[in-house]
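Residue numbers (our numbering), protein chains in the order written: chain A, 157 to 469; chain B, 157 to 469. Note sheet for the following structure.
This is the structure in structure tokens:
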């Protein structure tokens with residue numbers, strides 16, 4: 157049993173590697189929902205959809221998000237009718253949001269919707285939202301506090317970031333099964349996702365940190381920062397805003413007290429001593445997930461590191 | 157000021173003729189919402205959309221409904237995700253339902269949504285739903301009572317019809333402006349729509365029949381039944397179920413006590429004496445609206461009839 161704490165694109169790609177080296181049914185992805193947002197009255201869950209559609213091999217691989225071959229007829233008509241157009245939703249993509257919203261309104265939980273979707277799309281990996289409760293990630297900027305998607309997509313990450321808040325996290329509950337899965341996991345993997353806005357929301361939920369600390373499973377991650385820059389996304393200003401170095405060292409520091417091992421990229425090999433000084437074991441490989449082979453390699457190296465960490469306990 | 161009581165396709169085509177002979181801004185369509193239905197959590201208003209999109213010249217003219225050139229990507233994905241697929245919704249079409257639902261949830265009324273849509277799509281004719289309250293048309297069949305769209309689309313009008321109910325009509329209010337518009341109208345036109353499921357719901361609303369009776373305006377219609385069969389749609393079994401003859405005579409009888417004149421098709425000229433015996437004046441022309449010329453002709457004949465009826469008062 158492997159539990160993967162997951163954001164969007166980086167996590168989805170990593171899990172594509174993982175399913176090449178362990179049986180998919182032994183994996184559960186606990187997915188960030190801090191990016192979830194209501195648009196046009198529809199419940200949009202960016203990270204759940206990215207993970208599900210990537211594993212269903214339906215993702216637009218150029219973008220990393222959205223559905224391959226998707227069109228934008230509905231979106232262009234929404235704009236014609238006066239709706240805001242800053243968040244692009246494809247026609248196929250919209251089906252996920254419409255169906256999710258309808259099921260939520262019928263009384264299903266977000267967990268049930270996520271499970272229904274991954275089954276409908278033929279995904280064997282278990283997919284759980286981090287919570288069935290809303291925990292929107294809010295970014296405090298020089299222009300005020302906005303939802304993460306507003307900061308990132310609407311305002312194109314142009315504003316200065318002063319802080320991040322996981323709104324409602326204290327009152328939210330981890331989704332049913334999350335704490336038990338962590339307690340029973342043989343390995344806990346923190347995906348190579350943004351530590352502040354992808355993994356941070358999951359760790360902010362009551363009981364999650366304690367469950368990880370209490371677990372006997374090794375906890376490993378892969379640095380999403382390679383050569384001092386994020387592989388994808390707005391990690392740099394967000395990490396800086398919470399006092400983290402934009403480096404593999406900062407990635408390890410983000411999970412201080414939780415982490416046993418980290419896979420870093422060959423270009424960052426020189427940082428290994430500084431990370432080991434934090435009490436975190438290091439494995440070094442090519443971490444850029446260009447294709448299936450690199451993904452499988454990264455998964456293999458991460459699991460080997462987890463094995464090493466366990467045996468050294 | 158012309159008020160048109162309107163259903164879907166027939167009404168939309170008639171109004172396309174009317175705008176050729178009078179200024180569009182002098183026309184208000186009061187549109188049936190008895191067909192409105194919630195699908196996938198979205199508020200679908202078939203007749204409002206048919207009238208609005210026809211007048212915006214965006215309608216799929218082959219079908220009479222739906223948007224020209226529309227695709228069905230979202231729909232096919234909704235079905236993939238387990239949603240019911242019996243009511244086809246195009247990608248562009250869905251934008252209307254998504255936006256309408258979002259605006260209703262934000263507190264706008266259906267009237268405000270309809271007005272916003274017709275403005276966004278450049279329609280000069282005023283478009284009002286018959287009511288801002290839900291008044292679903294229910295068809296009592298040999299297999300139980302179902303929503304009109306279930307009877308017509310899902311079950312393809314295969315069930316025997318025993319009756320029709322305008323659910324909630326007694327508690328519903330005509331949309332703001334409807335009764336005043338009828339009171340102030342110079343001409344009231346009942347569009348060539350299904351008398352039972354398109355015009356019937358409008359007339360079932362409290363105050364509407366009285367307002368029409370009290371009005372000094374001539375009330376004219378055009379028979380949607382030509383040569384003993386409806387031009388389009390499921391009028392035959394529905395008219396029979398409420399005791400109406402499926403003929404131009406039945407069309408006139410449907411509006412007994414309200415109607416001053418009816419335009420019937422040349423093929424039905426022989427029925428004129430029976431209709432005149434009901435106290436309803438008759439005009440005879442080619443009523444099949446093949447193109448712009450026939451539509452304009454029908455509108456002209458209807459208005460001339462209205463003028464005749466007035467002068468004979």
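A virtual CB, placed ideally from N, CA and C, is assigned to each residue, including glycine.
On a CA-only basis, which of the options is nearest residue i? Give me that one, please.
i, options, result
"residue 393(A)", "217(A), 264(A), 358(A), 351(A)", "351(A)"
"residue 288(B)", "325(B), 348(B), 339(B), 419(B)", "325(B)"
"residue 422(B)", "338(B), 439(B), 458(B)", "439(B)"
"residue 170(A)", "157(A), 181(A), 211(A)", "211(A)"
"residue 184(B)", "195(B), 163(B), 157(B), 164(B)", "157(B)"
"residue 339(A)", "363(A), 244(A), 411(A), 277(A)", "363(A)"
"residue 474(A)", "208(A), 164(A), 359(A), 247(A)", "Outside the shown range of chain A (157 to 469) lies residue 474(A), about which nothing can therefore be said."
"residue 227(A)", "217(A), 250(A), 398(A), 207(A)", "250(A)"
"residue 198(A)", "186(A), 307(A), 244(A)", "244(A)"
"residue 330(A)", "353(A), 387(A), 216(A), 361(A)", "361(A)"
"residue 437(A)", "411(A), 453(A), 445(A)", "411(A)"
"residue 376(A)", "283(A), 462(A), 382(A)", "462(A)"
"residue 279(A)", "400(A), 182(A), 441(A)", "182(A)"
"residue 193(B)", "235(B), 232(B), 307(B), 219(B)", "307(B)"
"residue 382(A)", "366(A), 455(A), 406(A)", "406(A)"
Here's the rule: buried if 16 or more other CB atoms are within 10 angstroms of the residue's CB, otherwise exposed. What is residue i?
i, result
"residue 242(A)", "exposed"
"residue 448(A)", "exposed"
"residue 451(A)", "buried"
"residue 255(B)", "buried"
"residue 416(A)", "buried"
"residue 385(B)", "exposed"
"residue 188(A)", "buried"
"residue 480(A)", "Past the edges of chain A, shown from 157 to 469, lies residue 480(A), and the structure says nothing about it."
"residue 240(A)", "exposed"
"residue 205(A)", "buried"
"residue 229(A)", "buried"
"residue 305(A)", "buried"
"residue 372(A)", "exposed"
"residue 443(A)", "buried"
"residue 172(A)", "buried"
"residue 341(A)", "buried"
"residue 248(B)", "buried"
"residue 274(A)", "buried"
"residue 429(B)", "exposed"
"residue 336(A)", "exposed"
"residue 167(B)", "buried"
"residue 347(A)", "buried"
"residue 179(B)", "exposed"
"residue 257(B)", "buried"
"residue 225(B)", "exposed"
"residue 349(B)", "buried"
"residue 370(B)", "exposed"
"residue 435(A)", "exposed"
Give the interface partners of residue i over in chain A, defined as CB-CB distance under 7 Å, in chain order.
i, result
"residue 257(B)", "197"
Taking C-beta pairs closer than 8 Å, name the residues in chain A that residue i reaches, listed in chain order.
i, result
"residue 230(B)", "230, 247, 248, 250, 251, 254"
Since residue i contacts residue j with CB under 8 Å, what's their CB separation in whole angstroms?
i, j, result
"residue 404(A)", "residue 424(A)", "4 Å"
"residue 316(B)", "residue 297(B)", "6 Å"
"residue 313(B)", "residue 380(B)", "Not quite, the Cβ-Cβ distance comes to about 16 Å (not below 8 Å), so this is no contact."
"residue 272(A)", "residue 238(B)", "7 Å"
"residue 419(A)", "residue 457(A)", "5 Å"
"residue 301(B)", "residue 309(B)", "Going by Cβ atoms, the distance from residue 301(B) to residue 309(B) rounds to 16 Å, so no, they are not a contact pair."
"residue 270(A)", "residue 285(A)", "5 Å"
"residue 354(B)", "residue 222(B)", "The pair is not a contact, with the Cβ atoms about 18 Å apart (cut-off 8 Å)."
"residue 328(B)", "residue 387(B)", "Actually they are not in contact, since the Cβ atoms of residue 328(B) and residue 387(B) sit about 29 Å apart, beyond 8 Å."
"residue 202(A)", "residue 191(A)", "5 Å"
"residue 175(B)", "residue 281(B)", "6 Å"
Give the residues of chain A in contact with residue i, contact being defined as C-beta atoms less than 9 Å apart.
i, result
"residue 261(B)", "197"
So that I know if they touch, is there some Cβ in chain E lying closer than 7 Å to that of residue i?
i, result
"residue 194(B)", "Among the protein chains in the structure shown, which are A and B, there is no chain E."
Identify the contact partners of residue i in chain B, using a Cβ-Cβ distance below 7 Å as the criterion.
i, result
"residue 238(A)", "272, 276"
"residue 111(A)", "A question about residue 111(A) goes unanswered here, because the residues of chain A that appear run from 157 up to 469."
Is residue i a contact residue of the ligand SAM, with contact defined as CB to any heavy atom under 6 Å?
i, result
"residue 339(B)", "Inclusion of the ligand SAM in the displayed structure is not the case, the ligand content being empty and no account of it being possible."
Give the residues of chain B in contact with residue i, contact being defined as C-beta atoms less than 8 Å apart.
i, result
"residue 227(A)", "227, 229, 247"
Would you mind listing the beta strand (DSSP E) stretches within the segment 392-428 of chain A that are 3+ residues and don't spill past its ends, in chain order?
Taking only runs of at least 3 residues, the beta strand (DSSP E) segments lying wholly in the segment 392-428 of chain A are 417-421.
Enumerate, from N- to C-terminal direction, the unbroken alpha helix (DSSP H) stretches of 4 or more residues contained entirely within the segment 304-354 of chain B.
Counting whole runs of 4 or more residues, the segment 304-354 of chain B contains the alpha helix (DSSP H) stretches 334-340.
Unbroken stretches of the alpha helix (DSSP H), 4 residues or longer, contained in the segment 171-230 of chain B:
Here the runs fully enclosed are 202-211.
What ranges does the beta strand (DSSP E) occupy inside the segment 364-390 of chain B, keeping only unbroken runs of at least 3 residues that lie completely in it?
If we require 3 residues or more, the beta strand (DSSP E) runs fully inside the segment 364-390 of chain B come out as 375-378.
Where are the alpha helix (DSSP H) runs, 4 residues long or more, that stay fully inside the segment 252-292 of chain B, in chain order?
Entirely contained in the segment 252-292 of chain B, the alpha helix (DSSP H) runs reaching 4 residues are, in chain order, 266-276.
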